[in-house]
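Written below as structure tokens is the structure these notes are about.
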Amino acid sequence: MAYELIELDRDGRVATLRLNRPKALNALNAEMMSEVARALAELEADDGIGCVILTGSDKAFAAGADIKEMVDDNYLDIYKTDRFEQNHCSIERFRKPIIAAVSGYALGGGCEIAMMCDFIIASNTAKFGQPEINLGVIPGIGGTQRLARAIGKAKAMDLCLTGRMMDAAEAEHSGLVARVVPVDDLMDTARGAANKIAGHSQPANMILKEVIDAGYELTLREGIRFERRMFQSLFATEDQKEGMNAFIEKRKPHFKHR
Ligand code: CO8
Numbered sequence: 107m108a109y110e111l112i113e114l115d116r117d118g119r120v121a122t123l124r125l126n127r128p129k130a131l132n133a134l135n136a137e138m139m140s141e142v143a144r145a146l147a148e149l150e151a152d153d154g155i156g157c158v159i160l161t162g163s164d165k166a167f168a169a170g171a172d173i174k175e176m177v178d179d180n181y182l183d184i185y186k187t188d189r190f191e192q193n194h195c196s197i198e199r200f201r202k203p204i205i206a207a208v209s210g211y212a213l214g215g216g217c218e219i220a221m222m223c224d225f226i227i228a229s230n231t232a233k234f235g236q237p238e239i240n241l242g243v244i245p246g247i248g249g250t251q252r253l254a255r256a257i258g259k260a261k262a263m264d265l266c267l268t269g270r271m272m273d274a275a276e277a278e279h280s281g282l283v284a285r286v287v288p289v290d291d292l293m294d295t296a297r298g299a300a301n302k303i304a305g306h307s308q309p310a311n312m313i314l315k316e317v318i319d320a321g322y323e324l325t326l327r328e329g330i331r332f333e334r335r336m337f338q339s340l341f342a343t344e345d346q347k348e349g350m351n352a353f354i355e356k357r358k359p360h361f362k363h364r
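Here this note's numbering is used: the first residue of the sequence shown is 107, the next is one more, and so on.
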């Protein structure tokens, strides 16, 4: 399938989806996000893909929603189409593991889509922020909720109310990003992690992310009960037998359902 504003590469069981609108610092317009949604649907259906990397350029992961596209929108335009929900949220609905590899600006909607991924690997040049307040609005695709859960209320309030940017070191200390690496190592590091993940049992990967995500919406007791049921359910898979037998036989597992 042809794409204009993203690039989609497959390397073995890992797909890399690159936002590619360099002149606008990868500002997220409707066309780009509809391509992202189409690509993710394609990758979800592709049994040959076990993990996806979402990335941008060295200068910008994405500098936010496209301000020029929405400047003239009125309430009904935004409310009726709800185009943000439809396409942006394809990332949070994606069931296979997805890593955000972030370099440069991840602002506004850019920070929000990075947070929709399962985890963020950042380069030392990454800058995160929710500067919507400077535009007279607030984050609109989960920023206030996900940021506060990731880094706590104090820092989320600080970032959202001042609109300031946070560098990679602060983002790592705050718990927003999983790892920070030199910019030249970003994609190799992300591919290394993605290849490792893609080599695991696919149902186990999918269930694992579902269980961790569910924990954000459940009580601790409910979350632990859900985890236990899902743990038990994995004993219905051939991959559980393969994984455990491979350990006992001191060999690498060959998971059937990758
Ligand atoms: N939208 C549209 N165009 C943009 C955006 C953007 N978010 N960001 C940058 N651009 C464009 C600039 O207009 C400029 O274009 P042109 O050359 O035609 O003038 C080009 O990209 C380069 O940008 P700059 O010249 O500004 O580059 P600098 O290196 O000087 O500055 C910055 C880089 C600091 C990133 C600066 O561009 C900036 O502040 N950008 C806006 C950041 C921002 O406010 N983001 C939040 C947007 S609102 C949002 O995300 C709401 C999300 C919730 C709803 C989700 C809906 C999708």
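Backbone N, C-alpha and C fix where the C-beta goes; we use that ideal spot for every residue, glycine too.
query = Where does Gln257 fall in DSSP's three states?
reply = The sequence given here places Ile at residue 257; Gln does not occur at that position. The three-state secondary structure of Ile257, taken from DSSP, is helix.
inquiry  = Can you look up Leu160 in the DSSP assignment and give me helix, strand or coil?
reply    = In this structure, Leu160 counts as strand in the three-state DSSP scheme.
request  = Answer yes or no: the CB of Asp164 versus the heavy atoms of the ligand CO8, is any distance below 8 angstroms?
outcome  = A distance criterion of 8 angstroms places the beta-carbon of Asp164 beyond contact range of the ligand CO8, judged by its closest non-hydrogen atom.
task = Starting from the C-beta of Arg364, find all residues in its chain whose C-beta is less than 6 angstroms away, skip the five residues before and the five after it, and write them out in chain order.
result = The answer, listed in chain order, is Gly156, Gln308.
query = Can you check whether the CB of Val208 is closer than 9 angstroms to the CB of Val317?
reply = Cβ atoms of Val317 and Val208: not closer than 9 angstroms.
ask   = Over what stretch of residues does the alpha helix (DSSP H) that includes Arg297 continue unbroken?
value = For Arg297, the enclosing alpha helix (DSSP H) starts and ends at 292-304.
inquiry  = For a test of your reading of the model: does the CB of Ile197 fall under 8 angstroms from any non-hydrogen atom of the ligand CO8? Yes or no.
reply    = No, the beta carbon of Ile197 sits no closer than 8 angstroms to any heavy atom of the ligand CO8.
query = Taking just the CA atoms, how far does Thr250 sit from Met293?
reply = Taking the straight line joining both Cα atoms gives about 28 angstroms.
task = With a 10 Å radius around its C-beta and 16 neighbouring C-beta atoms as the bar for buried, classify Arg327 as buried or exposed.
result = Exposed is the call here.
inquiry  = When you measure from the CB of Pro203 to every non-hydrogen atom of the ligand CO8, does any distance come out below 8 angstroms?
reply    = Within 8 angstroms of the C-beta of Pro203 there is not a single heavy atom belonging to the ligand CO8.
key: Closest residue to Phe234 among Met221, Gly154, Leu241, Asn240 (Cα-Cα distance)   = Ranking the options by Cα distance to Phe234, first place goes to Met221.
ask   = Any chance the CB of Tyr322 is under 8 angstroms from a heavy atom of the ligand CO8?
value = Here the distance from the Cβ of Tyr322 to the nearest heavy atom of the ligand CO8 is not below 8 angstroms.
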